[in-house]
Amino acid sequence: MEGDLANMGKYIGVGLTAIGMGGAAIGVGNIAGNFLAGALRNPSAAAGQTAMLFIGIAFAEALGIFSFLVALLLMFAV
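Note that the numbering used here has the sequence shown beginning at 34, numbered continuously upward.
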């Protein structure tokens, strides 16, 4: 009974970390969408902002990767 309860808590924690991965996906979509909207308004400035686009995507995606690592740690290390 105790092992089942511990496994249930572990799986609930892993499921909650999926929220972090989904949040990262929403963040990347938001960054890319806002860049596209700005590039369509001012195409001449879009080339200068491309590096900032990739930096923003990298930071947002890093949070999703950290969430995935926490899920793996909860699943296999605890």
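Virtual Cβ for every residue (Gly too), placed ideally from N, Cα, C.
Nothing here was measured: the structure is a model prediction, and the numbers come from that model.
query                                                                                                                                                               : result
Does the distance from the C-beta atom of A93 to that of I52 stay below 9 Å?                                                                                        : no
Assuming A57 contacts L96 (C-beta within less than 8 Å), just tell me the rounded distance between them.                                                            : 5 Å
So, at 6 Å on beta carbons, what are the nonlocal neighbours of A104 in its own chain, with the 5 sequence-adjacent residues on each side left out?                 : V47 and T50
Return the chain-ordered list of same chain residues with a C-beta closer than 6 Å to the C-beta of M108, the five sequence neighbours on each side being excluded. : V47
Mapping DSSP to helix, strand and coil, what is N75?                                                                                                                : coil
For a quick check, are the C-beta atoms of A79 and F68 less than 9 Å apart?                                                                                         : yes
How many Å lie between A110 and S100 at the Cα?                                                                                                                     : 15 Å
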